[in-house]
Amino acid sequence: MTDIIIPNLGNEISEAEITEWLVGAGEEVEEGEVVLLISTTKTALEIEAPVSGKISQINFSEGDLVQVGDVVGQIE
Amino acid sequence: MPKNIPIDPIKTFSKSVLKSSGIPVHQYQKSIQEELKIYGKENLIELLRHMYIVREFETMLNSFKTKGSYKNIEYIYNGPAHLSIGQEAAAVGSAFALKTEDKIFGSHRSHGEMIAKGLSAINSLSRNKINSIMETHHDGKLISYIHKNFNNTEFNDAEMFLLIGVLAEIFMRELGFNKGMGGSMHAFFTPFGAFPNNAIVGGSSGIAVGAALHAHLKQNKSICVANLGDGSTGCGLVWEAMNFAAMGQYKNLWPKPFNNNPPMLFCFMNNFYAMGGQTLGETMSWDRLSRIASGVNPEQLHAETVNGSDPLSVADAVIRKRKILLEGNGPALLDIECYRFSGHSTTDTNAYRSREEIKHWKSFDPIELYSQKLLDADIINKKNLDNIIEKVQNQIELLTSKVVDRELTPSIDIAKKPTIIGDFTFNKEVNRISKTADDLLMDINQVNQIKNMKKKSRYGKTSDGSLLSGMRAITLRDSLAEAIIYHLSNDKSLIAYGEECRDWGGAFGVYRGFADIIPMNRLFNAPISEAAIVSTAIGYAISGGRAIIELMYSDFIGRAGDEIFNQLAKWQAMSAGELRLPIVLRASIGSKYGAQHSQDWSSLLTHIPGLSIVYPATPYDAKGLIATSLKSNDPTIFFESQRLYDKVEVFNEKGVPEEYYTIPIGKAVKRKKGRDITILTIGASLYPALDASEELINYKIDAEVIDARSLVPFDYDMLISSVNLTGRLLIVSEAVERGSFSNTIATNISRFAFNNLKAPAIVIGAPNWIAPGADMEKTYSPQSDDILDSVFRDFFPEKRVNKKGLRKDWNFLELAKKGF
Ligand SMILES: Cc1ncc(C[n+]2csc(CCOP(=O)(O)OP(=O)(O)O)c2C)c(N)n1
Chain A
1 MTDIIIPNLG NEISEAEITE WLVGAGEEVE EGEVVLLIST TKTALEIEAP
51 VSGKISQINF SEGDLVQVGD VVGQIE
Chain B
1001 MPKNIPIDPI KTFSKSVLKS SGIPVHQYQK SIQEELKIYG KENLIELLRH
1051 MYIVREFETM LNSFKTKGSY KNIEYIYNGP AHLSIGQEAA AVGSAFALKT
1101 EDKIFGSHRS HGEMIAKGLS AINSLSRNKI NSIMETHHDG KLISYIHKNF
1151 NNTEFNDAEM FLLIGVLAEI FMRELGFNKG MGGSMHAFFT PFGAFPNNAI
1201 VGGSSGIAVG AALHAHLKQN KSICVANLGD GSTGCGLVWE AMNFAAMGQY
1251 KNLWPKPFNN NPPMLFCFMN NFYAMGGQTL GETMSWDRLS RIASGVNPEQ
1301 LHAETVNGSD PLSVADAVIR KRKILLEGNG PALLDIECYR FSGHSTTDTN
1351 AYRSREEIKH WKSFDPIELY SQKLLDADII NKKNLDNIIE KVQNQIELLT
1401 SKVVDRELTP SIDIAKKPTI IGDFTFNKEV NRISKTADDL LMDINQVNQI
1451 KNMKKKSRYG KTSDGSLLSG MRAITLRDSL AEAIIYHLSN DKSLIAYGEE
1501 CRDWGGAFGV YRGFADIIPM NRLFNAPISE AAIVSTAIGY AISGGRAIIE
1551 LMYSDFIGRA GDEIFNQLAK WQAMSAGELR LPIVLRASIG SKYGAQHSQD
1601 WSSLLTHIPG LSIVYPATPY DAKGLIATSL KSNDPTIFFE SQRLYDKVEV
1651 FNEKGVPEEY YTIPIGKAVK RKKGRDITIL TIGASLYPAL DASEELINYK
1701 IDAEVIDARS LVPFDYDMLI SSVNLTGRLL IVSEAVERGS FSNTIATNIS
1751 RFAFNNLKAP AIVIGAPNWI APGADMEKTY SPQSDDILDS VFRDFFPEKR
1801 VNKKGLRKDW NFLELAKKGF
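Heads up: the protein sequence lines correspond to chains A and B, in order. In terms of the working numbering, the first sequence opens at residue 1 and continues consecutively. In terms of the working numbering, the second sequence opens at residue 1001 and continues consecutively.
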């Protein structure tokens, strides 16, 4: 089981909004595939799957605010 | 980082050899008969006359400097005289090839270039146009002086206008083109296409590129020329400017019809010496100056070395380069080899060159050579030549005799108008923006980033008083974006650039989404050339445009030091208010990146007269103040704190208005009312000061907190009336204490409110050493505890409160003695 984590977003930025999940629970993903779009007060970012596998869990939905380090999903 | 120019590793690593084509050196071969066909007899003779005028003009200056007299005129001239005796063919040949609307920018040694450009303009402008130029310049004062004093002379009044305008400027008289505020090294007269000369070696290079950018965006079919010395090839700005004019993006990425390079000519008046250092063979690495062009772009800037002792060779080259530039294929470089017989200045003893060398070059005197050429070809006869020479001498003698006369041609009476130079410094004009730009790529309201802002709360607190996240309420970053995009989309003369400003949206995201709205020719990524970023903005602005530029970190101000300190800050005053520099320079004050990325340099810039300086701390103020800055016709430095970009509005209960509004520069704002002590904050220090003021309530100390917002001008009225009430002043900022603007305010308040002060004003800033890394940063910028400690120690010692801050046990006197 591998976590999808909100990475460090740069200087003076601690939170982000979930803009869009590009995959749903149960879907297969490749390592490096963009699975999630987030935006901060400063910019928009693409989050990639850290490993290949199946999305087993999604913890936040679109529009939610998340903090740096939050586990937003998991891959099995 | 445009995605449409991929960097392919296979191509990158494939084996090849970079080739450069040759650079022509002295290839000019036209005979005088061919030239006669091109120019006609009259023009060829006129060229000679212009060279004589320049020579005689400078001979006159030289004579005053060295002997205190010229002919029978006695005069002590105290200013500089960097003469170009020997270089006349370069100045006149080039001016001959240029059109009036082409702009030249010069150096400390540019009297000749400016006079030549003026003479050439006078020959090509219609009489009506010349009249209107002369009548409108300084309300016609100079032309009426000429008609009064020279009415019955044989000399053309426009020529007298030009020569007297220059000479009076050199002699610092009010009738000078810039009312004597520029002087010898800074003279100019824009209606004839002679733009500012510059006493900073290389200083004109970037300014001229900015002007070329303006000509390019206006598509007005003229070119810009930087006349530079060979010594300036050692200056960083010159290289930055060459690259800026040659950047790949114009052709690769800019939209039609702007997908060409700006029409920029780098003209090196190569006299082989830079004061006493010899460029060729000693201080520079090149064997021929023109070689530097092969380091700039594949076209090698179309560089050529040409013979600067022959005006026709120079004119020929400038005409050919001009054509290339107007076809959009610039920039170009000319290495015009010539020799100055005069010393660098009149105190030069020629310690660095031999008599033999000077003598040898005398046989290449451009005026002698060209006169002989015209005589040999029967284009002029000896008698006519002597006539020309005599007439020129009479002309210069006559006008000089009047200009030296201090009664007839006085300087501005500073004793009578003691603050007049201050009046020239700021014009305080406000620009009106009215219509939507017609070049927008997309409706603003369709752009995601803008749409997202529209969803946010305008106020930073919920109805129950809790603070909203920057994701949910308008932040300082958003409020800046709103005002800037308003201006960019309503004012086509405004351009925005800086490093990573386009696709990235600026390093701190203020411009995110803008790339979808503003075409690339008005919003682009600049090279990492801070000096050229500022310098080109100046050239763009003095040509009639407006610019908002970004320096990313204020720590990088050093890289643009001259351009901010000596150019941006000074040209309005040096032109006696003639030039306008509507430029907003955004610089952020950093955090977390250590000593070279965390300095508040607002104080540093307040030390330089000539810049408006603002530093807002709230979203409401940021939006209103950036709007005012963008409307202002004065150069404005706009500081932003990276720590504050995500701040939401908590002071103005109506939040940040969605509509456009302005806040006057020079007005402070009271954040909290109090009776016992005034705490003045600059920029981000507002927040720890407010925390401290809350804490002080527990000790029955009622602090008044004032947020400066503007540093230049500064709102002394509000501060004085506050201090008159509280009797105590503490000033908090993140700038290092020593030599800070806070200290200036403290000193002024000690004078202006002395009678009401109960204690000396105290300044808290950053300590006089480097900013440490992120984890130690709180030891550097003043924290709430540091403020509390100072309040108790310096103002209310009777309260006997335990001190908590890091500086609580510092012996400030001992530190100061040690250099801290
Ligand atoms: C930035 C700067 N450094 C030094 C000087 C002092 N200075 C004035 S002219 C000059 C030599 C410039 O040589 P060059 O560019 O070849 O022009 P030239 O004097 O030969 O016309 C120097 C060193 C200056 N004005 N500006």
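Just so you know, even glycine gets a beta-carbon here, dropped at the ideal spot from N, CA and C.
Within the same chain, Cβ atoms closer than 7 angstroms to the Cβ of GLY1236(B) are found at ALA1531, the five residues on either side in sequence being excluded. Counting only the Cα atoms, VAL1314(B) lies some 9 angstroms from VAL1092(B).
Judged by the Cβ position, ARG1109(B) qualifies as a neighbour of ligand 1 at the 7 angstroms threshold, a heavy atom of the ligand being closer than this. Taking a C-beta cut-off of 7 angstroms against chain A, the contacting residues of the region 1490-1521 of chain B are GLY1505, PHE1508, GLY1509 and ARG1512, listed in chain order. Taken in chain order, the unbroken stretches of alpha helix (DSSP H) that lie wholly in the region 1019-1062 of chain B and span 4 residues or more are 1032-1039.
For LEU65(A), the nearest beta carbon of chain B is closer than 8 angstroms to its own beta carbon. Judged by the Cβ position, THR1662(B) fails to qualify as a neighbour of ligand 1 at the 7 angstroms threshold, every heavy atom of the ligand being at least this far. Against chain A, the CB of SER1469(B) has a partner CB under 8 angstroms away; the residue lies at that interface. For the pair of segments examined, the region 1268-1277 of chain B was found to touch the region 1334-1344 of chain B: the number of CB pairs separated by less than 8 angstroms reaches three. At least one CB of chain B lies nearer than 8 angstroms to the CB of LYS42(A).
Membership of LEU1604(B) in the alpha helix (DSSP H) is indicated by the continuous run 1602-1606. Under the 8 angstroms criterion on CB atoms, GLU15(A) is classed as interfacial with respect to chain B. Secondary structure at TYR1077(B): coil, using DSSP grouped into helix, strand and coil. For PHE1812(B), the secondary structure class from DSSP, reduced to helix, strand or coil, is helix. Annotation: LEU1048(B) to THR1636(B) spans about 46 angstroms, alpha carbon to alpha carbon. Within the region 1676-1746 of chain B, the runs of alpha helix (DSSP H) at least 4 residues long that lie entirely inside it are, in chain order, 1686-1697 and 1716-1726. Scanning the region 1244-1283 of chain B from its first residue to its last, the whole alpha helix (DSSP H) runs of 4-plus residues come out as 1249-1253.
For GLU1304(B), the pairing in a beta bridge is given by DSSP as LEU1334(B). Think of a sphere of 9 angstroms around the beta carbon of TYR1645(B): the chain A residues whose beta carbon falls inside it are GLU12, ILE13, THR41 and LYS42, in chain order. TYR1661(B) carries a coil assignment under DSSP once its states are collapsed to helix, strand and coil. Distances taken from the Cβ of THR1283(B) to the heavy atoms of ligand 1 include none shorter than 7 angstroms.
Among the bridge pairs identified by DSSP, GLU28(A) is matched with LYS54(A).
Residue environment analysis places PHE1812(B) among the exposed positions, since fewer than 16 neighbouring C-beta atoms fall within 10 angstroms of its C-beta.
DSSP places PHE1192(B) within a helical segment (H, G or I) once states are collapsed to three. Any Cβ of chain A closer than 8 angstroms to the Cβ of LYS1592(B) would place that residue at the interface, and such an atom is present. Remark: C-beta atoms of PRO1616(B) and ARG1709(B) approach each other more closely than 8 angstroms. Per DSSP, TYR1459(B) is not a residue of any beta strand (DSSP E), being assigned neither H nor E. Against chain A, the beta carbon of ARG1477(B) has neighbours under 7 angstroms at THR41 and LYS42, listed in chain order.
C-alpha of ILE1720(B) to C-alpha of LYS1670(B): approximately 13 angstroms in a straight line. Between SER1693(B) and VAL1732(B) a beta carbon distance of about 11 angstroms is seen, past the 8 angstroms cut, so the two are scored as non-contacting. Here ASP1717(B) is exposed, its C-beta having fewer than 16 other C-beta atoms within 10 Å. Per DSSP, the unbroken beta strand (DSSP E) holding TRP21(A) starts and ends at 15-21. A straight line joining the alpha-carbon of PHE1171(B) with that of SER1063(B) spans about 14 angstroms. For MET1269(B), the Cβ falls inside the 7 angstroms cut-off from some heavy atom of ligand 1. Among the residues of the region 1618-1651 of chain B, those with a Cβ less than 8 angstroms away from any Cβ of chain A are GLN1642, ARG1643, TYR1645 and ASP1646, in the order of the chain. Within its own chain, the residues whose Cβ lies closer than 7 angstroms to the Cβ of TYR1645(B), once the five positions on either side in sequence are excluded, are THR1475, LEU1476, ARG1477 and PHE1508, listed in chain order.
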